[in-house]
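Below is one structure, written out as structure tokens; comments come after it.
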Amino acid sequence: MSASNHASAFVLPATDADGRKNLVGLSREELEAEMLSIGLEKFRARQLWHWLYHRGSTDFAEMTTLAKPVREKLADAYIVARPTVVKDLKSADGTRKWLLRMPDGQEVESVHIPEEDRGTLCVSSQVGCTLTCRFCHTGTQRLVRNLDSAEILAQVMLARDMLGEWPAPPDGRMLSNIVMMGMGEPLFNYDNVAKALKIVMDGDGISISKRRITLSTSGVVPMMERCGQELNVNLAVSLHAVTDELRDIIMPINRKYPLRELMDACRNYPGLSNARRITFEYVMLKGINDTPADARALVKLLEGVPAKINLIPFNEWPGAPYERSTAKAIQVFGDIVNNAGYASPVRTPRGEDIMAACGQLKSASLRLTAAERAAIANVIAEKDAALAS
Ligand code: SAH
Ligand code: SF4
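Under full-length UniProt numbering, think of the first position of the sequence shown as 1, with each following residue one higher.
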């Protein structure tokens with residue numbers, strides 16, 4: 001299995017019931033080829049790009065810079081599709097979670113986290129996740145497939161629709177930042193993630209700069225350098241443990257790419273500097289990884305890497321095998337790391353009441369029966385076996 005194509009990819013959406021093809025997610029070159037294929041000029045692609053990605057238009061009739069016969073020709077051959085919003089949940093703290101249904105019936109979640117004069121969209125890269133980190137609910141889902149580039153991009157476009165931000169206001173946008181921290185491991189679906197992010201970063205369209213995009217990985221070492229070279233987005237690494245013994249258990253990917261290799265890949269991440277650091281995510285698990293000795297070992301492990309540390313209080317989900325560290329333990333841990341010279345903000349959980357916080361995606365708020373627990377254990381065992389092979 002290659003790292004970039006771990007789960008089977010679907011080419012979507014392909015078409016609607018009338019055989020019309022979706023234009024969302026095509027690169028500029030692909031869009032030009034489509035124009036030529038229906039007898040239109042190549043430059044129509046540029047005009048369309050503006051309507052699709054700057055204006056957010058989904059209706060060819062609105063595209064008034066195109067002559068009427070051109071609009072009709074486009075409408076005969078193409079659609080501008082959005083996923084269906086199955087649920088639109090709003091937390092007491094303003095966080096929103098959208099459950100989106102893709103054309104094949106699979107569902108994914110995106111979360112919008114507003115702040116005073118900006119906002120971050122947490123985007124999913126897979127339905128479920130290839131991996132089985134023990135603290136993460138997404139990892140207990142049996143069904144996994146990669147999202148197509150159109151489906152990744154559509155999450156951003158849908159959020160813009162829902163926030164009423166077409167065309168993007170120059171200042172104070174509520175969709176100003178993107179984190180690839182939703183469901184799935186983005187570096188196991190690199191090609192589709194890269195294609196979608198290149199469209200998101202394009203200055204004539206959605207225009208969110210690479211400095212405002214962060215990709216989080218559990219440590220798919222062979223793909224990290226390429227990600228830095230081609231996309232040059234900010235990197236976040238889910239570290240969560242400072243010894244191979246523990247990391248092997250709570251993040252089985254560590255058995256394939258152990259800490260030493262992971263830290264080497266971090267040191268070599270293109271474009272690193274003190275102004276551009278890697279964010280190391282560290283979930284605080286009571287009695288598992290949260291002692292002062294762990295904090296000191298973390299500082300030692302990060303020696304020589306321009307780093308920030310993001311401490312994440314564990315978010316509970318039904319059947320989770322861990323508990324959140326106490327506030328005191330988190331504070332003591334944070335102080336040690338801070339005193340060693342690393343910024344170490346504690347991530348305030350957002351949207352917990354709608355199960356939108358990190359690691360809670362695709363969760364139902366219910367108690368598990370013994371049979372359900374056993375079923376989850378089976379899923380984990382099967383996926384771990386696949387990772388080992
Ligand atoms: N698969 C990628 C990105 C998605 S997860 C990755 O693992 O990096 C986004 C972040 O949430 C990761 O750091 C992940 O480890 C963390 N996380 C997962 N489950 C969590 C939970 N229950 N509580 C707190 N953080 C969690
Ligand atoms: Fe997948 Fe990330 Fe969850 Fe691990 S933490 S199971 S890699 S989504």
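In this text, a Cβ means the ideal position worked out from N, Cα and C, and glycines have one as well.
| Query | Result |
| --- | --- |
| DSSP beta-bridge partners of His50 | His50 pairs with nothing; no bridge assigned. |
| Where Ala388 falls, given that 16 or more other Cβ within 10 Å makes a residue buried | exposed |
| Identity of the residue in Pro114, Ala81, Leu235 and Glu115 nearest Leu100 by Cα | Ala81 |
| beta-carbon Thr138 near ligand 2 non-hydrogen atom, thresh 7 Å | yes |
| Rounded straight-line distance, which links the Cα of Met183 to that of Ala45 | 32 Å |
| Arg96 vs Lys90 beta-carbon contact at 8 Å | yes |
| Where Asn310 sits in the DSSP three-state scheme | strand |
| Collapsed DSSP secondary structure at residue 435 in the structure displayed | Lying outside 1 to 389, the shown extent of the chain, residue 435 is not represented and no answer is given. |
| Whether Lys21 touches Tyr78 by CB criterion (8 Å) | yes |
| Gly228 beta carbon near ligand 1 (any heavy atom closer than 7 Å) | no |
| Beta-carbon proximity of Gly56 to Met174, cut-off 8 Å | no |
| For Asn254 and Met223, the rounded distance between their alpha carbons | 15 Å |
| Alpha-carbon to alpha-carbon, Asn177 and Arg226 | 22 Å |
| Own chain partners of Glu382 with C-beta closer than 8 Å, once the 5 adjacent residues on each side are dropped | Arg142 |
| Start and end residues, alpha helix (DSSP H) containing Phe188 | Element bounds for Phe188: n/a, residue is neither H nor E. |
| Element boundaries [alpha helix (DSSP H), containing Leu99] | That residue, Leu99, is in no alpha helix (DSSP H); its beta strand (DSSP E) goes Arg96 to Arg101. |
| Rounded straight-line distance, which links the Cα of Asp204 to that of Ile330 | 44 Å |
| Cβ neighbours of residue 446 in the same chain (closer than 6 Å, five flanking residues each side left out) | Not covered by the structure: residue 446. The range shown for the chain is 1 to 389. |
| Beta-carbon proximity list for Leu272, same chain, < 6 Å, skipping 5 on both sides | Pro306 |
| Test item: CB-CB of Phe280 and Asn310 under 8 Å | yes |
| For Thr214, three-class secondary structure by DSSP | strand |
| Where the beta strand (DSSP E) containing Ala236 begins and where it ends | Asn234 to Ser238 |
| Phe60 - containing beta strand (DSSP E), residue span | Neither: Phe60 is in no beta strand (DSSP E) and is coded neither H nor E. |
| Test item: CB-CB of Phe333 and Tyr322 under 8 Å | no |
| As assigned by DSSP and simplified to three states, the class of Ile354 | helix |
| Where Lys42 sits in the DSSP three-state scheme | coil |
| Lys300 and Arg324 closer than 8 Å at C-beta | no |
| Where Phe280 sits in the DSSP three-state scheme | strand |
| According to DSSP, residues forming a beta bridge with Thr84 | Arg101 |
| Alpha-carbon spacing of Asn234 relative to Glu32, whole angstroms | 30 Å |
| For Ser363, three-class secondary structure by DSSP | Low per-residue confidence applies at Ser363: pLDDT is 49, beneath 50, and the placement is therefore not dependable enough to give any value. |
| Whole-angstrom distance between Glu261 and Glu185, CA atom to CA atom | 18 Å |
| Closest residue to Asp171 among Gly119, Ser218, Val193 and Gly128 (Cα-Cα distance) | Gly119 |
| Residue(s) in a DSSP beta bridge with Cys227 | Partner(s): none; Cys227 has no beta bridge. |
| Contacting residues, own chain, Cβ-Cβ under 6 Å from Met181 (five flanking each side not counted) | Cys122 and Ser216 |
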